[in-house]
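Just below is one structure, and these are the notes that go with it.
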Amino acid sequence: MSITGFNRRRREEEELKKQEIVEEVQVEEVQEDIEKEEVVVEEVKVTKKEKKATQQKARG
């Protein structure tokens, strides 16, 4: 293999590594977004329970 071919192959491998890193970061960001959504859902459920409890206390 010539030096030019070796350098081209090395650059291609470096580009692939960069793409893999970007994909890993994107996956982590999606997982973080999912976790945030789960927290919001839990907060909404708690708020509804608190509201229900408050209404029951007011009634009696």
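Each position in the sequence shown, counted from 1, maps to that position plus 69 in this note's numbering. Note that the Cβ used here is the ideal one computed from N, Cα and C, for glycine as well.
Suppose you measure from the CA of residue i to the CA of residue j; what does that come to, to the nearest Å?
i, j, result
"E111", "V91", "30 Å"
"E145", "D102", "Any property of residue 145 remains undetermined from this structure, which presents the chain solely from 70 to 129."
"Q125", "E97", "42 Å"
"V109", "E81", "42 Å"
"E84", "V115", "47 Å"
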